[in-house]
Structures are given as structure tokens and as C-alpha cells.
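To keep things clear, I will list the structure first and then write my remarks on it.
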Amino acid sequence: MKKILITGGAGFIGSHVVRLFVNKYPECHIYNLDALTYAGNLENLKDVEYKKNYTFLHGDITEEEYIKSIFTDYQFDSVIHLAAESHVDRSITDPLAFAKTNILGTMVLLNAFKILWQNKWDDKRFYHVSTDEVYGSLGATGLFEESTPYNPNSPYSASKASSDHFVRAYGETYKIPYVISNCSNNYGQHQFPEKLVPLFINNILNDKPLPVYGDGNYTRDWLYVLDHAIAIDLVFHKGVNHETYNIGGFNEWKNIDLVKLLCEQMDNKLGRANGTSEKLITYVKDRPGHDLRYAIDASKINKDLGWSPTVTFEEGLSETIDWYLSNEEWLNNVTSGNYQNYYNKQYN
Ligand code: NAD
Ligand code: DAU
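Just so we're on the same page, our numbering is the position in the sequence shown counted from 1, plus 1425.
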């Protein structure tokens, strides 16, 4: 039985990847390693926790001895590495935490993998899940290609860029068979309400201001999380060793236009008069070092692996809102306690 270690599987994207792999590959055993930080939540995996081919490991990727011990005990054939500190705003207030988890944590995993297999690399793979933010910011035109030079601007993107470089370096130096993917902004079920879409859904529900940074003309390329999980499955199984794949939604939105669409859909679903939620939009102080525009050229994964998004933005956003509306308990649980402290510090 193949043993696949997925790190960060209790988080937003990781939980969708774990669910997909546990259900689709009963012949593989899926180990989910997660430290359960504020962003990790086992509620995200209630429907797979009883499955025979699933094991949860509670641990921290930066703890070298622990990581070495689980690699020895379980002999993972492959790693799909998603565990990270993932929020740009938090990286601005606490950059060292990002260096520790995203850079050191990735190196600890690479090292343990290298020591375990000692050059016996047949059927082994280290898959590093990364972000389009490593490429920096685009102007009004152009797209990020796999060959675009790295130019990260936030502590978060610098830490992810650094981890990508270490994965490549381990590939060149120690011949570890790796693949990397760099994806655009995800949205969907189970996303922690510190990111734009779920934060604004939660605020609309509670009649709170919608804090749009700067003039709202920043642009992102949005992808439904299940389409990202499908892409990760393809890259993991069919991607070529030592290659990078860009993943994106072919779906650019200025923040302010996205927020207006979200307001419109929320008003319809909540039976409120049109324009009610838009009145909550409040322009606030900009994010320092805010990247103007991200947009992905996903033609390589499309051509080589046959991947393209399956869900339109309007459909995906509607399903996302429906999920949050029918999972109020999930939302209440994650927005109590420490979340309030974070929110007050960040926005007041
Ligand atoms: P998330 O913040 O929702 O989840 C991160 C998970 O990692 C959490 O479950 C957390 O508990 C775990 N974790 C954090 N530190 C850990 C540690 N030291 N040891 C073990 N586990 C730890 O993040 P996400 O949005 O699901 O992103 C997952 C990955 O995908 C990240 O690597 C991120 O850089 C990348 N990515 C995210 C997006 C996006 O739009 N969210 C887009 C492209 C790439
Ligand atoms: O591009 C991929 C990246 O997308 C991932 O690597 C990151 O993990 C993920 O967090 C995301 O980064 P962003 O910074 O683009 O996402 P965020 O949801 O924080 O912000 C999206 C846009 O909305 C950005 O231009 C900032 C703006 N924004 C965000 C928040 C939280 C606001 O205007 N107000 C807000 O309150």
C-alpha cells in the first residue's frame, strides 16, 4: 500500500486534498500531519476521519526529531506539502513565524525524506504546493509564466519563494524527485475568515463594515478550491519530475468588483433589498507592500496534463456562500476567542 504524507491537511486547501485522496485512492494510505494552528480545524475532515486508509498525526513540521521519527515509523513514499503560515497580513505583523514554518519547516521535511530514502528514489515524490505570489506583482498587462523571475514583496511570499528554492536545490543537489505548483487565490468551503471572501461573508452576516484596502483596484485571479485539489491530484500523479506548474482560474477580478458581486449574491440569498450589503463597504488604510495584480498563465498544466477549471466564478461563489450560510456553527466556532483579538488588532 502506498503511503502518502499530506502536511497541513486540516487547513483550507489541505482538507479538500485529503478528502479527495482518501476517497479516490482507497489503495493508498493517507497520513495527515498538522500542528492545528489557528488555521487548522479537524471539523473540516469529519466525513473521512473514520476511513481505514486515513490517519491523523498531530505535529509540527519544524520539529526535526519528531519529523524524522514519523518518517522512520511510517516510511512515507511521497509527500504533498501544504502546511504553511498562509496569510499576508499576519506575515506583516509577525514575519519570523513565517520564516520558521515556511522555510525551516519545508527544509526539515526535505531532510527527513532524503535521509529515509538515501537515493532509492523509484516511485518516490516530494510535491511542494506553492503560490503565485512568489512572482511579485504584475502591472496592468501580462501573466505569470513558469519562467517568470521570482520577485516576492511580502514576508509571506518571500518565505514561500525561499521554500520553493530549497525544494529545487534538494532536487539538484540530492536528486530528490520533486514537483512544485504555484497557484492563484483560492476560495471555497472551509476557508478561515481572515481571507477576503469568508471575512466579507461573515461581516455581511453580522452587518459589520467591509474593510476594502486602498482604492479596491487590486486584482486577483480566483480559483475554486475543488478545482485546485483536482489540479494537485493531476500534478502529483502525472506531473514531470523537477517541473513547475502554474495553476490559475483564468478569472481576474478587481477586489471592489468581486466585493460588489458578493454583496449582490448575499442580498439575494438573505432576502435583503438590493444594495443593502454594498452600504457596508468601507475603504480603509492600504496593506503595506500591496501587490497590484496577480494573473496566471495556466496553459502548461492545461496542455500537458489536460487540466482546466470546472466551475465558473459565479457558481463557485454561490456554492461557497451557501456553505457558510448552512454552517453557522463552524463559522461561530472559528470566529470566537482569539479571532476577535486578531480582528480588533488588524482592523481597529
Ligand atoms: P491554511 O492557513 O488554511 O492552512 C494551513 C494549515 O497548515 C493549517 O491546517 C495549519 O494548522 C497547518 N500548519 C501551519 N503551521 C504548521 C506547522 N508548523 N506544522 C504543521 N502544520 C502546520 O492555508 P491554505 O490556504 O489551505 O494554504 C495551503 C497551502 O497552499 C499553503 O502552503 C499556501 O502557501 C498554499 N497556497 C494557498 C493559496 C490560497 O489562496 N489560500 C493559494 C496558493 C497556494
Ligand atoms: O495568490 C495566492 C495567495 O492568495 C495565497 O498564496 C495566500 O495564501 C492567500 O492568502 C491569498 O493572498 P492574498 O493576499 O491575495 O489574499 P487575501 O484574501 O488576504 O486578500 C485578497 C485581496 O483582498 C488582496 O488584494 C487584499 C484585499 N483585502 C483583503 C482583506 C483580508 C482587502 O481589501 N480587505 C481585507 O480585509
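Virtual Cβ for every residue (Gly too), placed ideally from N, Cα, C.
For residue 1558 and residue 1574, the rounded distance between their alpha carbons: Within the sequence shown, residue 1574 is the residue found at index 149, counting from 1. Within the sequence shown, residue 1558 is the residue found at index 133, counting from 1. Cα to Cα, residue 1574 sits roughly 11 Å from residue 1558.
message: With the cut-off set at 8 Å, would you say residue 1484 and residue 1509 are in Cβ contact?
response: The residue you call residue 1484 lines up with position 59 of the sequence shown. The residue you call residue 1509 lines up with position 84 of the sequence shown. Going by C-beta atoms, residue 1484 is not nearer than 8 Å to residue 1509.
- request: Sort out for me which residues DSSP pairs residue 1636 with in a bridge.
  value: Position 211 of the sequence shown, counting from 1, holds the residue named residue 1636. DSSP lists 1707 as partners of residue 1636.
- request: May I ask you to report which of helix, strand or coil DSSP gives residue 1732?
  value: By 1-based counting over the sequence shown, the position of residue 1732 is 307. Three-state DSSP puts residue 1732 in coil, outside helix and strand.
- prompt: Taking three-plus beta-carbon pairs below 8 Å as touching, is the region 1589-1598 in contact with the region 1627-1638?
  reply: no
- request: Please confirm whether any heavy atom of the ligand DAU lies closer than 7 Å to the CB of residue 1560.
  value: Along the sequence shown, one-based indexing puts residue 1560 at 135. No; taking the cut-off as 7 Å, the Cβ of residue 1560 has no heavy atom of the ligand DAU nearer than that.
message: On the CB-based measure, 16 or more other CB atoms within 10 Å of its CB, does residue 1747 come out buried or exposed?
response: Counting from one through the sequence shown, the residue named residue 1747 turns up at place 322. With fewer than 16 other Cβ atoms within 10 Å, it is exposed.
- prompt: What's the call for residue 1623, buried or exposed, on a 16-neighbour Cβ count within 10 Å?
  reply: On the sequence shown, position 198 is the one that residue 1623 refers to. Residue 1623 should be labelled buried.
field: Beta-carbon separation (whole angstroms), residue 1726 vs residue 1656, contact threshold 8 Å
entry: The residue you call residue 1726 lines up with position 301 of the sequence shown. The residue you call residue 1656 lines up with position 231 of the sequence shown. That belief holds up - the Cβ atoms of residue 1726 and residue 1656 are roughly 6 Å apart, short of 8 Å.
message: Can you look up residue 1411 in the DSSP assignment and give me helix, strand or coil?
response: This structure leaves residue 1411 out entirely; the chain is present only between 1426 and 1773.
- prompt: Are three or more beta carbon pairs between the region 1561-1574 and the region 1516-1533 nearer than 8 Å?
  reply: no
- prompt: If you drop the 5 nearest sequence neighbours on each side, which residues of the same chain put their C-beta closer than 8 Å to that of residue 1734?
  reply: Position 309 of the sequence shown, counting from 1, holds the residue named residue 1734. Excluding residues within five positions, the ones whose Cβ falls inside 8 Å are 1648, 1649, 1652, 1674, 1675, 1676.
- prompt: For the alpha helix (DSSP H) that residue 1368 lies in, which residues bound it at each end?
  reply: The chain is shown only over 1426 to 1773; residue 1368 falls outside these bounds and no answer can be derived.
- prompt: For the region 1600-1635, which segments carrying the beta strand (DSSP E) assignment without a break, of at least 3 residues, lie completely within its bounds, in sequence order?
  reply: 1603-1608, 1610-1612
query: residue 1493: beta carbon under 7 Å from a heavy atom of the ligand NAD?
result: Here residue 1493 refers to the residue found at position 68 of the sequence shown. Outside the cutoff, so no.
- request: Could you tell me how far apart the beta carbons of residue 1538 and residue 1455 are, in whole angstroms, since I believe they sit closer than 8 Å?
  value: Here residue 1538 refers to the residue found at position 113 when the sequence shown is read from its first residue. Here residue 1455 refers to the residue found at position 30 when the sequence shown is read from its first residue. That pair is no contact at about 17 Å.
message: Taking 7 Å as the cut-off, is the beta-carbon of residue 1438 closer than that to any non-hydrogen atom of the ligand NAD?
response: Indexing the sequence shown from 1 puts residue 1438 at position 13. Indeed, a heavy atom of the ligand NAD lies less than 7 Å from the Cβ.
query: Which residues bound the beta strand (DSSP E) around residue 1506?
result: Numbered from its first residue, the sequence shown carries residue 1506 at position 81. Start and end: 1503-1506.
- prompt: Could you give the C-beta distance for residue 1658 and residue 1445, rounded to a whole number, given that I count them as a contact under 8 Å?
  reply: Taking the first residue of the sequence shown as position 1, residue 1658 is located at position 233. Taking the first residue of the sequence shown as position 1, residue 1445 is located at position 20. Yes, they are in contact, since the Cβ atoms of residue 1658 and residue 1445 sit about 6 Å apart, within 8 Å.
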